[in-house]
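2 protein chains.
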Amino acid sequence: MGTKNTELSCGNCALSRICLPANLSARETRILAGAVERGRELCTGARLIRAGTRMDALYVVRSGSAKSCGVLKDGEEYVRAFSLPGEVAGLEGFANGQHTSDLVALEPLRYCRIAIGRLERMMETLPGLRREMLRLLGQSLEDTQRMRIEVSMVDARGRLASFLVDLSRRLERRNLSPTHFRLSMSRRDIARHLGLTLETVSRTLGAFRHAGWVEVKARHIKLLRPDALSGISLQNSGSRALL
Amino acid sequence: MGTKNTELSCGNCALSRICLPANLSARETRILAGAVERGRELCTGARLIRAGTRMDALYVVRSGSAKSCGVLKDGEEYVRAFSLPGEVAGLEGFANGQHTSDLVALEPLRYCRIAIGRLERMMETLPGLRREMLRLLGQSLEDTQRMRIEVSMVDARGRLASFLVDLSRRLERRNLSPTHFRLSMSRRDIARHLGLTLETVSRTLGAFRHAGWVEVKARHIKLLRPDALSGISLQNSGSRALL
DNA sequence: GCTGGAATTTGAGCCGGATCAATCGAGGCC
DNA sequence: GGCCTCGATTGATCCGGCTCAAATTCCAGC
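Protein sequences appear in the order of chains A and B.
Each residue of the first sequence is one higher than the one before, counting from 5 in our numbering.
Each residue of the second sequence is one higher than the one before, counting from 5 in our numbering.
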C-alpha cells in the first residue's frame, strides 16, 4: 500500500491547492499526508461508500467522479451530490457515525482515504486542520442549503443552468476548461439530482442548444454563453451572491 | 451582562440535554458554560443574524423560535430553516466567516451566544467539544441533504406531512407535546420553506383535516394520526430511515 | 365589544413539467 | 465493420400545483 509514500504525499499532489490541505501550513500538510492512504483504482459503478455502514474514513476524489445516491422507500433513486477531484465525500457521516448514502464511481476513480480516528487525533494538535474541517463542513452545509432553496423555487431552466454553471466553476478551480467538458453522469442522474425527469433535462438542454447557449454532443458539452446561463440561474455572475 | 452567571450556566439549563453540551462531560460543560453569553429578549421580527455580516458567534435558541431567511435576486423570499429551542443557528457561516441569511425571531426570543474565537480556542483542549461540533455540522448537513431530496422529489402532501412530523419530533425531544402545538410561522413561511405557495399549504392542510389526520384552528394544530402523516412522508415511521 | 387590516381559506382556470410512447444515436463487443 | 443494447431525443397528452380572485377568519388596537 504505502510504497514510496513521499511521491504520493499531499505536498506535491496536483490537487493540493483545492483539496483538504489547501489552507494548511507546510508542517500541517506534512503531518496530514502521513495519515492519508491512497486507494486503488475503482471501475465505473463500484461503490466506495455503502449506506448503512460505519463511517470510518473520509474520502477525497483524486481523479474521476462519483455520485452520492440511494433509493427512496418508493424505489425511486435519488442523487444527493456529485463529487469531483479534490472534493471530500462522506461528511454527512459525522451526524451519527454512519453513512446514509452510497458513493458510486461514475467513471474509473482514484481516491484518497483518511481514517476518522487519525483525523480526530490530528485535530487535537493542528489548529489549521480544525479550522479547515469546520470550513469544509460549513461550506457543504451552505452549498446544500442554497441548492435546497434553488430546487424548490426555481424552474427547470434555472436549475439546469445553475447546475452547469456550478460544474463549470468547480472544473475551473482545478484548472480544467470551464467551458468545454464531459458530463460523466447520465441525463437520468442529472434529473434525479435536480428533481426533474430525464426527458425534461434533455428537452431543456435542447432549448439551451437552440438558443445558442451551449453545444451538446452526447456527453460532451461546450458552454457558448455562460453569461446567459448565469443570468437565469440564481447565483449572481459577478460580485457576491445574493442567496 | 454576566451577572450571576452560575444560575444561567449550561449545567442546570433546561435545554442542556438537547443543546450543544448534550454529549459533553461535566467538566467540559462547565468550561463551555463559561464562554456562553446570554442575550436579552428579542421581540417578534427582530433580526438576530444579518446576512452579509461577519460570523463572530454561534447562537442557540433558548425560548421562542426563528426562521433563517433571505431574498432571492428576483425579490422572492426564501426560508432555509426554522430554529427551535436548543437548536444552534448560524453554522453555515463557517463556510467563509460570513452569514448568508438573516435569522429572524418568529415570536419573542431568548437566546445564548458563543463567540467563535472562544469556541475555537476551547476546541483545542476539549475533545468532546470537537466531536460535538463535527456531529452538529454533520447532522445539519445530513438533514439539509435529506430535505433537499424531499423537496425535489415529493409532492405537496408528502412535503407538508414530513414538515409536521419533523416538527413533532423536534418538539418531543424537548419534552413538549408532539401532537398538540402552535405553528409559530405563517403559512407563507411554511410555503417558502417547502417550495410551495401559501394557497397549496392551506389547501393541503385542509385535506389533512378532512381526512381526519389533523385538527387545525388558526396556528394551533393537533396531530390526530401522526402514523398516517409519517406514512406519506419519506421518513420511515419506525426503524431506521431509508433515505 | 367593535373595527380595520392582515392572514387564511376557498374557488376557477391555466401551465410547466410529468407521463407514456416511439424513434434515434452512440459506444461496446464480437 | 456491423450488430446490439442502453442512453438520449422528440412528440402527445395529462395533471398537480400555481396564479388570479374573492370571501372569511383572526387578532390588535381602540
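Cβ atoms here follow ideal geometry from the backbone N, Cα and C, with glycine treated the same way.
- In the same chain as A/Phe-185, and ignoring 5 residues on each side of it, the C-beta atoms closer than 6 Å to its own belong to Leu-175, in chain order.
- Look at B/Asp-193 here: in three-state DSSP terms it is helix.
- Its Cα nearest to that of B/Leu-110, the residue B/Cys-47 stands out among B/Glu-32, B/Ile-236 and B/Cys-47.
- Between the stretch 71-86 of chain A and the stretch 119-136 of chain A, the count of C-beta pairs closer than 8 Å stays below three; the two stretches do not touch.
- Shown here, B/Ser-13 sits in coil according to DSSP, grouped into three states, outside any helix or strand.
- Per DSSP, the continuous alpha helix (DSSP H) segment holding A/Arg-135 begins and ends at 131-157.
- Boundaries of the beta strand (DSSP E) harbouring A/Phe-185: 184-186, taken from the DSSP string.
- Within chain A, the residues whose beta carbon sits less than 7 Å from that of B/Met-127 are Arg-134, listed in sequence order.
- Rounded to the nearest angstrom, the gap between the Cα atoms of B/Leu-171 and B/Pro-182 is 8 Å.
- Just measuring C-alpha positions, the residue of A/Gly-235, A/Arg-196, A/Gly-162 and A/Phe-86 sitting nearest A/Thr-208 is A/Gly-162.
- In chain order, Gly-74, His-103, Thr-104, Ser-105 and Asp-106 place their CB closer than 8 Å to the CB of A/Ala-55, counting only its own chain and leaving out the 5 sequence neighbours on each side.
- For A/Val-155, the chain B residues whose Cβ falls inside 8 Å of its Cβ are Arg-152, Val-155, Ser-156 and Gly-199, in order along the chain.
- In the three-state reduction of the DSSP assignment, B/Arg-54 falls in the coil class.
- B/Ser-188 is not a Cβ neighbour of B/Arg-114, given a cutoff of 8 Å.
- The C-beta separation of B/Gly-101 from B/Met-59 comes to about 5 Å, placing the pair in contact by the 8 Å criterion.
- Residue pairing from DSSP places A/Phe-86 in a beta bridge opposite A/Lys-71.
- When Cβ-Cβ separations below 8 Å define contact, A/Ala-165 makes no contact with chain B.
- Residues of chain B whose Cβ lies closer than 7 Å to the Cβ of A/Ala-26 do not exist, since the nearest Cβ in that chain is about 13 Å away.
- Proximity of chain A to B/Pro-131 at the Cβ level (cut-off 8 Å) is accounted for by Glu-124 and Glu-128, in chain order.
- Taking C-alpha positions only, A/Val-158 is separated from B/Ala-50 by approximately 28 Å.
- Under the three-state reduction of DSSP output, A/Leu-113 falls in the strand class.
- Those residues of the stretch 90-118 of chain A placed with their C-beta closer than 9 Å to a C-beta in chain B are Leu-95, Glu-96, Gly-97, Phe-98, Ala-99, Asn-100, Gly-101, Gln-102, Thr-104 and Ser-105, ordered along the chain.
- For the stretch 57-81 of chain B, the residues whose beta carbon sits under 8 Å from a beta carbon of chain A are, in order, Gly-74, Val-75, Leu-76, Lys-77 and Glu-80.
- B/Leu-141 places its beta carbon less than 8 Å from that of A/Phe-98.
- An exposed status is given to A/Arg-173, since fewer than 16 other beta-carbon atoms sit within 10 Å of its beta-carbon.
- DSSP, read as helix, strand or coil, puts A/Leu-202 in helix.
- Straight-line spacing of the CA atoms in A/Thr-204 and A/Ala-195 works out to 8 Å.
- Taking the Cα positions, A/Gly-38 is about 18 Å away from A/Arg-21.
- C-alpha of B/Pro-89 to C-alpha of B/Leu-19: approximately 8 Å in a straight line.
- Secondary structure note for A/Arg-161: its alpha helix (DSSP H) is the uninterrupted segment 160-177.
- Going by beta carbons, B/Ala-93 and B/Ser-72 fall inside the 8 Å limit.
- By the Cβ neighbour-count rule, A/Arg-150 is buried, with 16 or more other Cβ atoms within 10 Å of its own.
- Residues of chain B whose Cβ lies closer than 7 Å to the Cβ of A/Arg-139 are, in chain order, Phe-98 and Ala-99.
- B/Ala-215 is the residue among B/Cys-14, B/Ala-215 and B/Glu-41 whose C-alpha sits nearest the C-alpha of B/Pro-230.
- Beta-bridge pairing by DSSP links A/Leu-62 to A/Ile-118.
- Residue nearest to B/Val-169 within the set B/Gly-199, B/Ala-232, B/Leu-202 and B/Thr-201 is B/Ala-232 (criterion: CA-CA distance).
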